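Read the structure below first, then the notes.
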Amino acid sequence: MSARSRDRRVYLGSHPVLFALLAATRRRPVTRLGRTLLIHDREAFVAGLTRIPLDRTAPGTTGGAAGRLTGGDLLFDQQGDDHRQTRRATSDALGATGVQRLRPLWTGLLDRRLEPLADGGRVDLVPVAAEIAGTTAAALVGAAVDGPELADAARAAAAAAARDHLPGLRRRGTADVARAATERLTALVAPDGGSEAGLATMLAVAAITTTVAALPRAAAWACDADLWAYADSPALADELLRVTAPTPLLPRVAAEAGELPGGCPVRAGDRMLLVARHAVDAHRGEPDPERPAPARTAQLVFGAGPHACPGARLARVQVADMLRALAPYRPVVVRARVDRRSALPSWRSLVVRAS
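Letter 100 of the sequence shown, counting from 1, is numbered 103 in the working numbering, and no numbers are missing.
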């Protein structure tokens, strides 16, 4: 199976209706469906994040879902100086020094968890990624909790919240399920509550869901395309994050009227579905470590401007470290199952063996 065909299964298996709609409209830079704008074009994607004032707490957005579930001051809904100060503190924790401090946590796990490959055994990379994600997130928020347990709670909370706020029909009770899942997660990361409980909860969700989506998908593509010769190239991780686009869609709501490139008007209250996957050409070119996409393009999988994800460095280093740890085994995929309930397009199981 080709790398692109296998990765396509993740999208079609996890959110088939939504991604079929995005695929059907991607040839137009922007498509309006009532009060919803589907934004595929790179320039319009950046403008939607940097030039259109956003309502951080609107229903149907990541920030709105986070605020309703946690009831706390979050990175998503803060304004002005509060927003900048929180982002600065988060960026410091996830900067070069912070990532190097956390790095031994996952490199040690990779050494232990991949060891069966040396003896001809098989390894499921999804629980490996989940343990890496949970252990890293626990250290990041200062929680004394088991990594796999935290990862399980964060993934459940994210999946429930996504079902409650993504476009489409909702089953009855989704809001109650999402609230209960978030309360379970908050009890793990901030058992004593406090003003930072909401922020710790959302940092855990963001770090864990992105990592569990990104690491196995990047590894699967490297297996299928036999990219192991480039494992020591920093460009490989960037290119695989670009073509897999772990967070492929950013739902936002305009707080004020504006205009996107090409003359497309945006009204206050319009919902913007910003398709990062298409903005970075993930649906077109293959990953090419020898001729990678420009950095300004690859970076868009993490957002843009004041809405860029502060965890970009962490994601790149974790993906690069996993690829380097796998490369000596030149693994191949022997079994893959899509996670049909996850918040982000993800594998439920990805089993590899050494070639």
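Note that the Cβ used here is the ideal one computed from N, Cα and C, for glycine as well.
Since the model is a prediction, treat every value here as computed from it, not as a measurement.
What three-state label does DSSP hand residue i in the structure shown?
i, result
"Met275", "strand"
"Val13", "helix"
"Leu253", "strand"
"Arg294", "coil"
"Glu259", "coil"
"Val215", "helix"
"Arg182", "helix"
"Arg7", "helix"
"Gln81", "With a pLDDT of only 44 at Gln81, under the threshold of 50, the placement of this residue in the model should not be trusted; the figure read from the coordinates follows. Note: Gln81 maps to coil in three-state DSSP."
"Arg2", "Residue 2 falls outside the range modelled here, since the chain spans only 4 to 358, and no answer is possible."
"Arg280", "helix"
"Arg125", "strand"
"Ala147", "coil"
"Pro56", "coil"
What first and last residue would you give for the beta strand (DSSP E) that runs through residue i?
i, result
"Thr39", "39-42"
"Pro130", "It is not in any beta strand (DSSP E) - Pro130 instead sits in the alpha helix (DSSP H) that spans 128-144."
"Asp342", "334-342"
"Thr353", "In the sequence under discussion, the amino acid at residue 353 is Leu, which differs from the Thr named in the question. Note, Leu353: beta strand (DSSP E), 349-357."
"Pro19", "That residue, Pro19, is in no beta strand (DSSP E); its alpha helix (DSSP H) goes 19-28."
"Val269", "267-269"
Which residues mark the beginning and the end of the alpha helix (DSSP H) in which residue i is found?
i, result
"Thr300", "298-301"
"Val33", "Not the alpha helix (DSSP H): Val33 falls in the beta strand (DSSP E), residues 33-36."
"Pro107", "99-116"
"Val320", "315-329"
"Gly51", "45-53"
Please state whether the Cβ-Cβ distance between residue i and residue j is less than 8 Å.
i, j, result
"Val322", "Leu244", "yes"
"Leu206", "Leu143", "yes"
"Thr247", "Ala221", "yes"
"Pro251", "Arg280", "yes"
"Thr53", "Gly314", "no"
"Ala162", "Arg344", "yes"
"Ala141", "Gly150", "yes"
"Arg125", "Arg356", "yes"
"Leu97", "Leu317", "yes"
"Ala154", "Ala133", "yes"
"Arg45", "Ala328", "no"
"Ala240", "Leu326", "yes"
"Arg333", "Ser358", "yes"
"Leu256", "Asp122", "The displayed chain sequence assigns Val, not Leu, to residue 256. Not in contact: Val256 and Asp122 (Cβ atoms no closer than 8 Å)."
"Leu188", "Ala156", "yes"
"Phe305", "Ala311", "yes"
"Arg29", "His286", "yes"
"Gly265", "Pro19", "no"
"Asp342", "Ser17", "yes"
"Val354", "Arg106", "no"
"Phe48", "Leu303", "yes"
"Leu113", "Asp284", "no"
"Glu186", "Ala193", "no"
"Gly224", "Ala6", "What sits at residue 224 in the sequence shown is Trp, not Gly. Yes, the Cβ-Cβ distance between Trp224 and Ala6 is below 8 Å."
"Ala364", "Ala181", "Beyond the ends of the chain as shown, which are 4 and 358, falls residue 364; an answer cannot be given."
"Ile55", "Val269", "yes"
query = Touching or not, the segment 288-299 and the segment 251-264, by the rule of three or more beta carbon pairs under 8 Å?
reply = no
Complete runs of the alpha helix (DSSP H) confined to the segment 218-248 [at least 4 residues] = Those alpha helix (DSSP H) runs which fall completely within the segment 218-248 and span 4+ residues are 237-247.
inquiry  = Using a Cβ distance threshold of 8 Å, determine whether the segment 121-134 contacts the segment 203-221, with at least three qualifying pairs required.
reply    = Flag = yes, the segment 121-134 and the segment 203-221 touch.
request  = Count the C-beta pairs between the segment 41-55 and the segment 261-277 that are closer than 8 Å, then say yes if the count reaches three, no if not.
outcome  = yes
Inter-stretch contact at 8 Å, needing at least 3 Cβ pairs: the segment 342-350 / the segment 7-25 = yes
ask   = Do the segment 216-233 and the segment 111-120 make contact, defined as three or more Cβ pairs closer than 8 Å?
value = no
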